[in-house]
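This report concerns only the one structure given below.
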Amino acid sequence: MKNKPAVIGLATAAAILAAAVYASPHLALYQMRAAVEARDAQALARYVDFPRLRESVKVQVMRRLGAGSGAAESRSNPFAALGQRMVLAVIDPVVDAAVSPAGVAAMLEAGDIRVRPLEQQAPADAPAREMGEQAAKVNYDLSYRSWEQVVVQRADGGGVAFILDRNGLWSWKLAGVELPED
97 MKNKPAVIGL
107 ATAAAILAAA
117 VYASPHLALY
127 QMRAAVEARD
137 AQALARYVDF
147 PRLRESVKVQ
157 VMRRLGAGSG
167 AAESRSNPFA
177 ALGQRMVLAV
187 IDPVVDAAVS
197 PAGVAAMLEA
207 GDIRVRPLEQ
217 QAPADAPARE
227 MGEQAAKVNY
237 DLSYRSWEQV
247 VVQRADGGGV
257 AFILDRNGLW
267 SWKLAGVELP
277 ED
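Numbering-wise (our numbering), the sequence shown opens with residue 97 and increments by one.
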């Protein structure tokens with residue numbers, strides 16, 4: 097009976113630790129959303145692994161365009177190889193520009209990857225409060241895939257699935273996206 101308080105204390109500490117580890121991606125998502133609402137690109141950049149995110153977006157865009165599927169055809173057809181090089185030349189700078197702190201903020205704000213015509217974009221003098229209200233309208237669901245990876249997606253199931261990877265025990269970084277199937 098002497099050890100009962102020690103066992104209870106140890107069990108309580110273990111439960112608190114487990115709850116904190118489980119809640120850590122929720123906290124990271126909250127902090128990412130706060131950075132988006134505050135228009136703080138530096139704060140948001142702390143939660144993004146830009147090289148891995150760029151690679152993820154490039155791979156999925158290439159797959160969507162079918163540029164990665166014709167490897168055998170590109171060896172036998174020089175025009176197919178030229179087409180693939182042209183696609184890469186166009187996609188690389190577009191993805192590099194989109195996967196920036198401002199681009200990631202726009203993705204998280206909308207819950208999707210979109211390219212809007214200039215006339216549909218908010219004017220430069222639009223109050224940050226309005227943009228923050230728009231971001232607050234997007235509700236996200238978070239689910240674990242594994243100990244080291246969670247998926248964040250709009251609650252309505254649409255849009256892009258954002259992939260967060262564990263970075264240490266407590267922190268998470270946005271490391272990829274999964275484009276919706278059309």
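C-beta: ideal position from N, C-alpha, C; glycine also. None of these values were measured; they are calculated from a predicted model.
| Item | Value |
| --- | --- |
| Cβ neighbours of residue 187 in the same chain (closer than 7 Å, five flanking residues each side left out) | 154, 157 and 158 |
| Residue closest to residue 265, alpha-carbon to alpha-carbon, out of 192, 197, 114 and 235 | 114 |
| Nonlocal neighbours in the same chain, by C-beta distance under 7 Å from residue 148, ignoring five residues either side | 271 and 272 |
| Straight-line gap, residue 256 to residue 177 (C-alpha atoms, nearest Å) | 30 Å |
| For residue 261, the three-state DSSP class (helix, strand or coil) | strand |
| Cβ pair residue 250, residue 199 closer than 8 Å | no |
| Continuous beta strand (DSSP E) stretch holding residue 236: start and end | 236-242 |
| C-alpha distance - residue 143 paired with residue 180, whole-angstrom precision | 32 Å |
| Proximity to residue 247 [Cα-Cα], best of 110, 274 and 263 | 274 |
| Bridge partner(s) assigned by DSSP for residue 250 | 236 |
| Assigned exposure category for residue 124 - 16 Cβ within 10 Å defines buried | buried |
| Cβ separation of residue 141 and residue 189, assumed to be a contact under 8 Å, to the nearest whole Å | Residue 141 to residue 189, Cβ: 20 Å. No contact. |
| For residue 184, the three-state DSSP class (helix, strand or coil) | helix |
| Residue interval of the alpha helix (DSSP H) (run including residue 105) | 100-133 |
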